[in-house]
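Read the structure below first, then the notes.
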Amino acid sequence: MKTIRSKLLLYFFVFVILFNVVSISIFFSSRSFLLEYDSRFKQFLLLNEISQTSDQLYDKANQYVVERNKKVITEFHRVRYQLNEKTGLLQQDQKGFDNIQLKTYIHMVQTLIQECELSIGFAIQDDIDQYSLHLKEARNTSSYLQDTTLSLIDLELTDYQSFYAHLEKRNESFKWFTLFLFNTTVLLAIFFALWFSRGINKPVQILSKAASEVSAGKLDGKPVLIQSNDELKLLGETFNLMRKNIRQYISEIEEKSELDSLLKELELKHLQNQINPHFLFNTLNTISRMAYFEQAEETSKLIHSVSTLLRYSLNDINQSVLLREEAKVVIEYFHIQQTRFSDRIAFHTNIDEDCTNILVPRLILQPLVENAFIHGVESMEEGGEIFLAIYAEGEKIIAEVKDNGAGMPAGALRKQTGSVHVGHSTGIGLENVMRRMALFYQSDHLVKINSSPGNGTSVRLIFPQKEAASVESNHSG
Numbered sequence: 001m002k003t004i005r006s007k008l009l010l011y012f013f014v015f016v017i018l019f020n021v022v023s024i025s026i027f028f029s030s031r032s033f034l035l036e037y038d039s040r041f042k043q044f045l046l047l048n049e050i051s052q053t054s055d056q057l058y059d060k061a062n063q064y065v066v067e068r069n070k071k072v073i074t075e076f077h078r079v080r081y082q083l084n085e086k087t088g089l090l091q092q093d094q095k096g097f098d099n100i101q102l103k104t105y106i107h108m109v110q111t112l113i114q115e116c117e118l119s120i121g122f123a124i125q126d127d128i129d130q131y132s133l134h135l136k137e138a139r140n141t142s143s144y145l146q147d148t149t150l151s152l153i154d155l156e157l158t159d160y161q162s163f164y165a166h167l168e169k170r171n172e173s174f175k176w177f178t179l180f181l182f183n184t185t186v187l188l189a190i191f192f193a194l195w196f197s198r199g200i201n202k203p204v205q206i207l208s209k210a211a212s213e214v215s216a217g218k219l220d221g222k223p224v225l226i227q228s229n230d231e232l233k234l235l236g237e238t239f240n241l242m243r244k245n246i247r248q249y250i251s252e253i254e255e256k257s258e259l260d261s262l263l264k265e266l267e268l269k270h271l272q273n274q275i276n277p278h279f280l281f282n283t284l285n286t287i288s289r290m291a292y293f294e295q296a297e298e299t300s301k302l303i304h305s306v307s308t309l310l311r312y313s314l315n316d317i318n319q320s321v322l323l324r325e326e327a328k329v330v331i332e333y334f335h336i337q338q339t340r341f342s343d344r345i346a347f348h349t350n351i352d353e354d355c356t357n358i359l360v361p362r363l364i365l366q367p368l369v370e371n372a373f374i375h376g377v378e379s380m381e382e383g384g385e386i387f388l389a390i391y392a393e394g395e396k397i398i399a400e401v402k403d404n405g406a407g408m409p410a411g412a413l414r415k416q417t418g419s420v421h422v423g424h425s426t427g428i429g430l431e432n433v434m435r436r437m438a439l440f441y442q443s444d445h446l447v448k449i450n451s452s453p454g455n456g457t458s459v460r461l462i463f464p465q466k467e468a469a470s471v472e473s474n475h476s477g
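Under full-length UniProt numbering, the first residue of the sequence shown is numbered 1, with each subsequent residue one higher.
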């Protein structure tokens, strides 16, 4: 992952490289011009020095012939050495000279040296004719050498004019090249600056907009997508995760609040029904015993069922219970209604006891049976039936309440599941059952209702067995 720091360093590194390239190009080009100019100027100086040294060499030879002083010979050798050295330098730097011209010029210098040496040699031998002859040749050679030097300098000046014109042209080209390179460097620097600032500014704007949406309470906005491969991308991913967690947390709070609201509603209804329950239970028990002593066993059983149903309904709605306890209360309710309607309505149960040892929300079955009675079979003159079945289906446990009543179309079914319709003993509707099932198991679609006109109604509660076993284990612990 590239970091902002690495991008910034890369930007400055590229900028410094471009700046140095411009500076180095200017330096080497200027240095090249100066070296070439210095080389041409040194050639002028070297030719002039050779010409002057040649005159000095002839003067020393002539001075010795006239004065015959040995110190002059020493000076002669020193001047000769300087002349040979300068001639060697001229041979090394042949730039601007024709090869034949240079060879001729150097040969003339060597001839001058040779004639001067012969003049001194014959002067030492006192051979007047010979040293006079060679001294004359040396004078002629020196004079011709001066003329040749002037000619070479003139040629060099002529060549230098073309060199200078070329130099001017090169300077002009280099000036434009330098301007181009400078402008290119500036444009690239601006491009990198804009690219770098955009790479930071755009993600920050996206994050700022998303943060404003969150602060305004909009938690379901589009995910923040940042294309840069740096800390800002990580910041965007972290922001998305944070918004998701906040959304889940608020959803959990809302569900918990809804559950608390449902429970408080149930508690309120139960409190409204709690008119001195202990006095009522004691009275019912007294009536039950009196009926039993008077040998009215059916009356005693009925009063016992009413007492059991009432006691169960008035217990704490927040507590979860075993499914077998729910089934037991439903059977007591069946007994009450069977006694009331006699042969008009029949109640049937098919309960697998192995499937009833799980924890479920309190008052989850009785509202279904009450609903089947009120909206299904109560209006039937005869032949009404209500079925309660508890069985295993794969990994799940099913509690099914079914009637053979008139059934309902889809529109009426939607109204039936609303919170307005409640049971006559519990005060709890199907909507309440569905919501408490969803909140208890943290899952939807746990209540299935099938109904159609003329075919009765079937309500199935689906209990996730694994989750229920876990709840039971925690409850027993």
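Cβ coordinates follow ideal geometry from the N, Cα and C atoms, glycine included.
- The C-beta of Met437 has 16 or more other C-beta atoms within 10 Å across all chains shown, which makes the residue buried.
- Shown here for Phe192: same chain residues with a beta carbon closer than 8 Å to its own, the five before and five after excluded, namely Tyr11, Val14 and Phe15 in chain order.
- Under the three-state reduction of DSSP output, Ser215 falls in the helix class.
- Taking the Cα of Gln92 as reference, the smallest distance to any Cα among Tyr81, Ile106, Arg80 and Val79 is reached at Ile106.
- Beta-bridge analysis with DSSP links Pro464 to Lys396.
- Distance from the Cα of Cys355 is smallest, within the candidate group Gln227, Phe387, Ser307 and Pro464, for Pro464.
- Between the alpha carbons of Arg344 and Gln337 lies a gap of roughly 10 Å.
- CA-CA distance, Arg31 to Phe19, rounds to 18 Å.
- Under DSSP, Pro361 forms a beta bridge with Ser320.
- Val79 and Glu168 have their C-alpha atoms spaced approximately 40 Å apart.
- Assignment of Thr349 by DSSP, reduced to helix, strand and coil, places it in the strand class.
- In this structure Val433 touches Ile364 by the C-beta definition: roughly 6 Å separates them, less than 8 Å.
- DSSP, reduced to helix, strand and coil, places Asp403 within a strand of the structure shown.
- Going by C-alpha positions, Ala210 is about 29 Å away from Leu9.
- DSSP, read as helix, strand or coil, puts Ile374 in helix.
- Val224 places its beta carbon 7 Å or farther from that of Ile250.
- In the DSSP assignment, Lys70 falls outside any beta strand (DSSP E) and lies within the alpha helix (DSSP H) extending over Lys70 to Gln92.
- Counting C-beta pairs closer than 8 Å gives fewer than three between the region 82–91 and the region 128–147, which falls short of the contact rule.
- In the structure shown, Lys169 falls within a helical segment according to DSSP collapsed to helix, strand and coil.
- Close CB contacts of His348 within its chain, under the 6 Å cut and outside five residues either way in sequence, are with Phe387 (chain order).
- In this structure, DSSP gives Ser443 a state outside helix and strand, which the three-state scheme calls coil.
- The three-state reading of DSSP puts Thr356 in coil, since its state is none of H, G, I, E or B.
- With a cutoff of 7 Å on beta-carbon distance, Leu83 and Thr53 are scored as near each other.
- DSSP places Ser451 within a strand segment (E or B) once states are collapsed to three.
- Of the residues Met242, Phe196, Tyr391 and Leu232, the one whose Cα lies closest to the Cα of Val214 is Met242.
- Secondary-structure assignment with DSSP links Ile253 through no beta bridge to anything.
- As DSSP reads the structure, Gly384 sits in a beta bridge with Ile345.
- Nearest Cα to Tyr391 within the set Pro453, Ile462 and Val321: Ile462.
- C-alpha of Phe180 to C-alpha of Phe27: approximately 16 Å in a straight line.
- When the beta-carbon positions are compared, Tyr312 and Val329 come within less than 7 Å of each other.
- From the listed residues Phe239, Ser452 and Ser132, the smallest Cα separation to Ala61 is found for Ser132.
- The Cβ atoms of Ser307 and His335 lie no closer than 7 Å to each other.
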